[in-house]
Each structure stands twice: as structure tokens, then as C-alpha cells.
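Start counting the sequence shown at 1; every next residue gets the next number (full-length UniProt numbering).
A virtual CB, placed ideally from N, CA and C, is assigned to each residue, including glycine.
Right, one structure below, let's go through it.
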Amino acid sequence: MSKAGVVFIQAPLVTGFHDALLALLQEDNRRMANHLVLTVSEACLDIWPLTIEDYKAPGDGELHDAKIALNPNRFPRLYKLYTSLPPGVKGLTMINLLNRHQMMKETSPEEANAALNRMLLGRHGAGEESYDQTLQGKDASGPDAAPGKEEKAEVNVSAPTGRVVPTEVAAPPAPQEDIADPLANIPPLSFD
Numbered sequence: 001m002s003k004a005g006v007v008f009i010q011a012p013l014v015t016g017f018h019d020a021l022l023a024l025l026q027e028d029n030r031r032m033a034n035h036l037v038l039t040v041s042e043a044c045l046d047i048w049p050l051t052i053e054d055y056k057a058p059g060d061g062e063l064h065d066a067k068i069a070l071n072p073n074r075f076p077r078l079y080k081l082y083t084s085l086p087p088g089v090k091g092l093t094m095i096n097l098l099n100r101h102q103m104m105k106e107t108s109p110e111e112a113n114a115a116l117n118r119m120l121l122g123r124h125g126a127g128e129e130s131y132d133q134t135l136q137g138k139d140a141s142g143p144d145a146a147p148g149k150e151e152k153a154e155v156n157v158s159a160p161t162g163r164v165v166p167t168e169v170a171a172p173p174a175p176q177e178d179i180a181d182p183l184a185n186i187p188p189l190s191f192d
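This is the structure:
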């Protein structure tokens, strides 16, 4: 059963080259693993974009078939990237990119977590810095300060008079700190 617009990323995974992706995709819940791989890559596209290396074919090794469903509604940026690639390299390039994002997630978990949180909270990269600067400027200069460039005004037009009334739109909440899970390093309990 195929949903409208869904494409399938198909390319062989090579042992020794795609190990990060193989480890994750060989878990019991394949659907959850696929979703995790795509979510991490969607979030990390800004910090680790497509490179020339992603176009290169892997070396020799044991081949494992891979088929990952890419939904344009859930992963619009990956979908746009996939559909913009030329025929013949789409699968290989996307598999290499997904694998690289999994490797980078392991080597730089703080960056990957920050990108994931920005994506999940609806904030994408550069807007956060200027938003933080705007907030700092407001705190220092008080409530009568001139509005910063990140503040937006919404214009309402009333039907009877046609008069334009500007209304201030509330700014998004300040980003929250990532708090480490204190139980993350505790091994599972054994009742033997």
C-alpha cells in the first residue's frame, strides 16, 4: 500500500561502510528505526549538508538491501533533496547522507540533539541567535525600546471602515536548556 507522494530510498547498505545505519536498521522495530534515521537527518541537514563524498560509491563488502519510505509531509527537506537529485544517484547519495548523519550523531551528540530540538520546536538555526539578541536588547533598554527586527506586526483590516490597525504578535518562548538524563548511564536491572 503506497501513500500519495511517498518515495522509497532504495540502495544496498555495505558492511564496513554503512555500519552506523546497519546497526540502527537491524533492530526489531524497523518502522521506528526508519523514522529515527529520517528524523535525525531532517534535523541535521543544516549543520551537516550534502557533500561530494555522499555521491561516492562505497567499497566492497557484504551487501544488505535497504528500503526506506520517505514521506514528503513528515520530512519535507529530505524529500525536496531526494527529488532534486539526478536519476541513478538518488538512492546511493541519500543512503550515504543518512549514514553520515548517524555517524555524526554518535561523534557530536550535542550538536545533533540541539538540531533535533530546534526542528521539533519549530525553530531553524539562524533565527534563534537574532531572537536571543533581541530579548537581551529589550532587557537592557526597557519596555519603551524600539521593536527589534524579529518582532512582527500583524495587520487587521476592519470591514466597515477599512481602517488598518496594527497588532503585535507574541514572540516565541526562549529556548530551554538541554538537561542530561541522570539515569542514562545506569545499566538495566537484572533479576537473576
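Asked	Found
Cutoff 7 Å; reference residue 97; Cβ partners in own chain excluding five residues on either side	41, 50 and 54
Exposure label - residue 34; buried when at least 16 CB within 10 Å	buried
Euclidean distance between Cα positions of residue 107 and residue 101	10 Å
Completely contained beta strand (DSSP E) runs for the stretch 21-48, where each covers 3 or more residues	none
Anticipated Cβ contact below 8 Å, residue 82 with residue 63, distance rounded	Not a contact, Cβ separation roughly 21 Å.
DSSP bridge partner residues for residue 102 (one or two, in chain order)	Answer is none; residue 102 lacks a bridge partner.
Anticipated Cβ contact below 8 Å, residue 18 with residue 99, distance rounded	5 Å
Where residue 32 falls, given that 16 or more other Cβ within 10 Å makes a residue buried	exposed
Reduced DSSP secondary structure (H/G/I, E/B, other) of residue 187	coil
3 or more residues per run - each beta strand (DSSP E) lying fully within the stretch 46-111	63-70
Outcome for residue 9 when other beta-carbon atoms lying within 10 angstroms are tallied against a minimum of 16	buried
Which of helix, strand or coil DSSP assigns to residue 13	strand
Where residue 95 falls, given that 16 or more other Cβ within 10 Å makes a residue buried	buried
Alpha carbon of residue 52 to alpha carbon of residue 103, nearest angstrom	17 Å
Local Cβ density within 10 Å of residue 145, reported as buried at 16 or more and exposed below that	Because residue 145 carries a pLDDT of 41, less than 50, the predicted location of this residue cannot be relied on, and no value is offered for it.
Rounded C-alpha distance that separates residue 11 from residue 36	18 Å
Cβ neighbour criterion (16 or more within 10 Å) applied to residue 13	buried
Beta-ladder partner(s) of residue 7, from DSSP	70
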